[in-house]
Structure formats: C-alpha cells, structure tokens
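Participant:
In my numbering, the protein residues as written are 180 to 445.
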C-alpha cells in the first residue's frame, strides 16, 4: 500500500502544479479589479446582456461545429471500418492534424481569399469574386475541418470493436438497415460519440485564433473575449472571470457526456 501511494506522488504533484494551481490563480485574479483590489464586480459584469449574448453565441457556434463534425465523421468512420486497409486510411486522415494549426489556418486564408483558387474557379463561370473570408461559413468550415480527425478516432474505435454478430442477428430478425443502426449500432457506439463530442465541443467553445484570422471581428466568442481582455484591455480580472465560467462550462460538458457504466460516471 505504501509503495502504491509513493507511485502516485509524482502524479499528485503534477496535478497540483499544472491543474489545481492554474485554476486557483484564475479564480484569484477574477476577484481583482484594475487596481488590484478585491471585488466581485467582474462577476456582476459577466451577467450583463453583452457577456450573456457572447456566451450564447459561443455555445451556438460550438454546437454547430460539433454537429457538422459529427455528421461528417460518423459515416466516414463507419466506411473506414469496412475498408481493407482501414488503419492506413485512418492514418492518412490523422496526418493533417500533425500540421501546425496556424499554418493550416493561413492556408485557408489563401484558399478563401479574393484571389484564391475558389474565387478563381468562380470567375471561370463569369461570376464576380466573393468575400468568403470573415464570414460565419468560413469560420465553421475551417473549424469542422480541423476537428474532424479528433471526432473520427473515438467513433472509429467504437465501431471497430463492435461485434458484427449483433448486426447479423438484427438483420436475421427482420430489422431494416436504418432500424439496425438506430437500435443496435448507434447505441453500442454512443461512448465513442460522446468522447468525440468532448474533444470537439470543449475546444470549439474556447476558439480564438481561428476566430480572429478566419472570421475577423464578425464572430466574437468567449475565447476571443478572454484574449481581448488580457492582451488589449489589460483587464486581467474580467478576462479571468470569463475564463472561470468557461472552465465551469467545460466541466459541465464533460459531466453530461461522461461515459456511464453501472449507473456511475466513469
């Protein structure tokens, strides 16, 4: 027992220094004003219409990004499990995620730009170039592209572990393809879907770099608000307050999408 506790000691130190301490520091700064005095005014300001609207907007965009990512990722993962070299195809999907996020973002700036390949293709048909950048469409499109591999992996693992005899049994009992998917395949792979939602929705809720570069000032989320408060307004108290609510939102999402077994969240 003593040896097991000794083995846990490095992990306890790691969690204390890099999880608990940063969160405690954020909470501490959220209770300070611009002069460094203790106040709860930041929390009061957060519940004003401006910040509440920003919070709703952030959840809405995160929901759309997660929804479109799931719609694309699930059938893709399903088709991968049916291919002959599924691990190879999965690796080809994962490889783009190794590229630096900033590089991929700038690549899309060139693709969606007025003189990019998309507008060049449009001009072939005699149409005027369109401003695709700095729109909701470009922001959601790029975000979905970036998060797709992270959604595919857990769903693929769940589908790959699915016992095929259960599907055969459902078909032998007269279930249609849709009924088999709804009553057998999807329920048995729901843990993979939940994991994919976690790794997509939570980061999408705090996006700021893609928001700035692709959407410009057309999309304002909690992530961009935190960046602005820290780097532009120099109001660390308000920035920390927004971060506190962002952390609470992430914890709530993790709780809601947690995998349950035996009535307990794993």
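Here a beta-carbon is modelled for each residue, glycine too, at the ideal position from N, C-alpha and C.
I need the straight-line Cα distance from residue 449 to residue 306, nearest angstrom please.
Facilitator: No answer is possible for residue 449: the residues shown for the chain start at 180 and end at 445.
Participant: Please return the same chain residues whose Cβ sits closer than 6 Å to the Cβ of residue 260, not counting the five positions on each side in sequence.
Facilitator: What you label residue 260 is simply residue 81 of the chain shown in a count that begins at 1. 338, 339.
Participant: According to DSSP, simplified to helix, strand and coil, what is residue 387?
Facilitator: As a working mapping, residue 387 is identified with position 208 in the chain shown. Residue state, collapsed to three classes: coil.
Participant: Less than 7 Å between C-beta atoms, sequence neighbours within five positions excluded: which residues of the same chain meet that for residue 442?
Facilitator: Here residue 442 is taken as the residue at index 263 of the chain shown, counted from 1. For residue 442, the pLDDT reaches just 38, beneath the cut-off of 50, and the residue's location in the model is therefore unreliable, although a value from the coordinates is still provided. Cβ within range, chain order: n/a, list empty.
Participant: Any idea what DSSP makes of residue 217, helix, strand or coil?
Facilitator: In the chain shown, counting from the first residue as 1, residue 217 sits at position 38. Residue 217: strand per DSSP, three-state reduction.
Participant: Please report how far the alpha carbon of residue 282 lies from the alpha carbon of residue 214, in whole angstroms.
Facilitator: Indexing the chain shown from 1 puts residue 282 at position 103. Indexing the chain shown from 1 puts residue 214 at position 35. Taking the straight line from one Cα to the other gives about 39 Å.
Participant: Decide if residue 190 is buried, meaning its Cβ has at least 16 other Cβ atoms within 10 Å, or exposed.
Facilitator: Along the chain shown, read from residue 1 onward, the residue named residue 190 stands at position 11. Residue 190 is exposed by the Cβ-count criterion.
Participant: Under the rule that 16 or more other beta-carbon atoms within 10 Å means buried, what is residue 370, buried or exposed?
Facilitator: By one-based count along the chain shown, residue 370 stands at place 191. Flag for residue 370 reads buried.
Participant: Please confirm whether residue 363 and residue 345 have their CB atoms less than 8 Å apart.
Facilitator: Here residue 363 corresponds to residue number 184 of the chain shown, with the count starting at 1. Here residue 345 corresponds to residue number 166 of the chain shown, with the count starting at 1. In this structure, residue 345 lies closer than 8 Å to residue 363 by Cβ.
Participant: My assumption, with CB atoms under 8 Å, is that residue 322 sits in contact with residue 383. Please give the rounded CB distance.
Facilitator: As a working mapping, residue 322 is identified with position 143 in the chain shown. As a working mapping, residue 383 is identified with position 204 in the chain shown. Indeed they touch by this definition, with Cβ atoms about 6 Å apart.
Participant: Pair every Cβ in the stretch 242–260 with every Cβ in the stretch 403–422, then say whether three or more of these pairs are closer than 8 Å.
Facilitator: Flag = no, the stretch 242–260 and the stretch 403–422 do not touch.
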